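Below: the structure, in C-alpha cells.
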Amino acid sequence: MSSTAVLTMTTPPLPRTTTTTSTTSTPMTPPSSSSTTTACCPACGIGLPPIDQTQAELLVARARIHELESQVRQLNHKASVAVERWAAYEAELSRLRATTTTTTTTTTPSSSSASPSSMLKLDPAATPSPTRTSFLQSAPSRLSSLLYPRKSTPSLRVDTPSVAPAPASATTTVSSSATEDLLEALTREQMLRREAEGRLSATSKEVEELSASLFEQANGMVADERRVRARLEERVDVLEKRDLEKRRRLERLEVAMRRIEKARDLLTDK
C-alpha cells in the first residue's frame, strides 16, 4: 500500500512539469513578435519608424545638405564674378573718360588758333556773332566732360582743320556734327550702363533670394535631422529597456527551469 501511495504521488507532478515547460516556451515567443511589430513611445504612445528607415532618411538629409552647400558655393562664385565684371566696367569707363578729356583738351587749342585767321579772311557781314561762336566752341568741351564715347575721338581728329583755315559755316557744321556724335555716344553709353546696372541688380537679387531660401531649407533640414536623432535616441532607450526586461525574464525563467530540473531529479531519485 505504501508503494502504491508513492506511485500516486509521483504521477501528478509529470503534467505539472509539462505545463511549466509550456510556460517556459510561451514567454520566449512574444519578444520575437514584439520585435517584428512597430514600436511605440512609452510616454506619448506615438508609433516609431524602423531604424533602417530612419537611417535612410538621415543619409538622404545629409546628401541634401551637401547639395545645398555646393549650390551656395556656386552662387557665391557667380556673385564674385559679377562684382569683378562690374569693377572692370567701372575701370574701363574711367579710362574712356580720361581719354575723352585728353582729346578734347588737345582739339580745343587747334580750333581756337584756326578761328582768328578764318575771321580775318572772311567779311564782317558773314562772320557770326561772338556769343554764338563762344557757345559753339564751349559746347564740345561741356559735353566731353560728361561723356566718354568711343567713336568721338576719330571724328574730332578728322573734322578739326590742321593746315588750312575753314570758314565760319564749316566750323559750325563741324561743331554741330561733333555735338550730335557726342550726344549719340552719350545715349548709347547711358543705355549700356543702365542695362549693366539692371543686370547686376537682378543678379544680386537672385543671389540674395537663393541664399535666403537655401539657408531656410538648410535650417529646416538641420531641425528635421535633430528631431530624427531625438526620436532615434528615444527608441534606442526604449529598446535598451526592453532588452533589460527580457534579460531579467530570461534569468527568472532559467532559475525556474533549474528549480524544476532539481525537483524532477529529486522525484526520479525517489
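Numbering that gives the first Met the number 0 puts the sequence shown at residues 0 to 269. Cβ coordinates follow ideal geometry from the N, Cα and C atoms, glycine included. Since we're looking at a predicted model, the values are computed, not measured.
(message) If distances are taken between C-alpha atoms only, which option among L265, T103 and A81 comes closest to T178?
(response) Position 179 of the sequence shown, counted from the first residue, corresponds to residue 178. Ranking L265, T103 and A81 by Cα distance to T178 puts T103 first.
(message) Rounding to the nearest angstrom, what Cα-Cα distance links E244 and R234 in this structure?
(response) Start at 1 with the first residue of the sequence shown, and residue 244 comes out as number 245. Start at 1 with the first residue of the sequence shown, and residue 234 comes out as number 235. As the crow flies, the alpha-carbon of E244 is around 15 Å from that of R234.
(message) Measuring only the C-alpha atoms, how far is M220 from A62?
(response) One-based indexing of the sequence shown puts residue 220 at position 221. One-based indexing of the sequence shown puts residue 62 at position 63. Cα to Cα, the separation comes out at about 11 Å.
(message) A195 and Y88 - do their beta-carbons sit closer together than 8 Å?
(response) For the purposes of this step, residue 88 is taken as residue 89 along the sequence shown, with counting starting at 1. For the purposes of this step, residue 195 is taken as residue 196 along the sequence shown, with counting starting at 1. In this structure, A195 lies closer than 8 Å to Y88 by Cβ.
(message) Restricting to Cα atoms, I'd like to know which of P49, L199 and K204 is closest to R84.
(response) As a working mapping, residue 84 is identified with position 85 in the sequence shown. The option with the nearest alpha carbon to R84 is L199.
(request) Count the other CB atoms, across all protein chains shown, that sit within 10 Å of the CB of T99; report buried if there are 16 or more and exposed otherwise. (result) As a working note, residue 99 is residue 100 in the sequence shown. T99 is buried by the Cβ-count criterion.
(request) Would you please state the rounded distance, in angstroms, between the beta carbons of L213 and L67? I believe it to be under 8 Å. (result) One-based indexing of the sequence shown puts residue 213 at position 214. One-based indexing of the sequence shown puts residue 67 at position 68. Indeed, because the Cβ distance is near 5 Å, the residues count as touching under 8 Å.
(request) Could you name the residues of the same chain whose beta carbon sits closer than 8 Å to that of D223, not counting the 5 residues immediately before and after it, in chain order? (result) Here residue 223 refers to the residue found at position 224 of the sequence shown. Excluding sequence neighbours, D223 sits near A60.
(message) Counting C-beta neighbours from all protein chains within 10 Å, is the total for R192 16 or more, i.e. buried, or is it exposed?
(response) In the sequence shown, residue 192 corresponds to position 193, counting from 1. Under this definition R192 is an exposed residue.
(message) Please classify L181 as buried or exposed, where buried requires at least 16 neighbouring CB atoms within 10 angstroms.
(response) If you number the sequence shown from 1, residue 181 lands on position 182. Within a 10 Å sphere around the beta-carbon of L181 sit 16 or more other beta-carbons, which makes this residue buried.
(request) Drop a sphere of 10 angstroms on the beta-carbon of S93, count the other beta-carbons inside from all chains shown, and report buried for 16 or more, exposed for fewer. (result) Locating residue 93 in the sequence shown gives position 94, where the first residue counts as 1. Result: exposed.
(message) Excluding the 5 residues flanking E253 on each side, which residues of the same chain have their C-beta closer than 8 Å to its C-beta?
(response) As a first step, residue 253 must be located in the sequence shown, where it is residue number 254. Contacts found: none.
(message) Buried or exposed, going by whether 16 or more other CB atoms sit within 10 Å of the CB of S69?
(response) By 1-based counting over the sequence shown, the position of residue 69 is 70. It is exposed - the Cβ of S69 has fewer than 16 other Cβ atoms within 10 Å.
(request) Confirm, please, whether the CB-CB distance from A81 to T202 is below 8 Å. (result) Reading the sequence shown from its first residue, position 203 is the one you call residue 202. Reading the sequence shown from its first residue, position 82 is the one you call residue 81. In contact: T202 and A81 (Cβ atoms closer than 8 Å).
(request) Give the secondary structure of I45 by DSSP, where H, G and I count as helix, E and B as strand, and everything else as coil. (result) Taking the sequence shown and counting its residues from 1, one reaches residue 45 at position 46. Coil, per DSSP.
(request) Let me know if H76 comes out buried or exposed under the rule of 16 or more other beta-carbons within 10 Å of its beta-carbon. (result) Looking up residue 76 in the sequence shown gives position 77. Under a 10 Å Cβ-count criterion, H76 is classified as exposed, with fewer than 16 other Cβ atoms of the shown protein chains found around its own Cβ.
(request) Go ahead and label S176 buried or exposed: buried means 16 or more other beta carbons lie within 10 angstroms of its beta carbon, across all protein chains shown. (result) The residue you call residue 176 lines up with position 177 of the sequence shown. With fewer than 16 Cβ atoms within 10 Å of its Cβ, S176 is classed as exposed.
(message) Taking only three categories from DSSP, how would you classify K269?
(response) Against the sequence shown, residue 269 aligns to sequence position 270. Correct three-state label for K269: coil.
(request) Mind reading off the beta-carbon distance from I64 to A217? Whole number of angstroms is fine, and I expect it under 8 Å. (result) In the sequence shown, the residue the question calls residue 64 occupies position 65. In the sequence shown, the residue the question calls residue 217 occupies position 218. Right, their Cβ atoms sit about 6 Å apart.
(message) Short of 6 Å in beta carbon distance, which residues of its chain neighbour V206, apart from the five on each side in sequence? Order them along the chain.
(response) As a working mapping, residue 206 is identified with position 207 in the sequence shown. Closer than 6 Å at Cβ, skipping near neighbours: L74 and A78.
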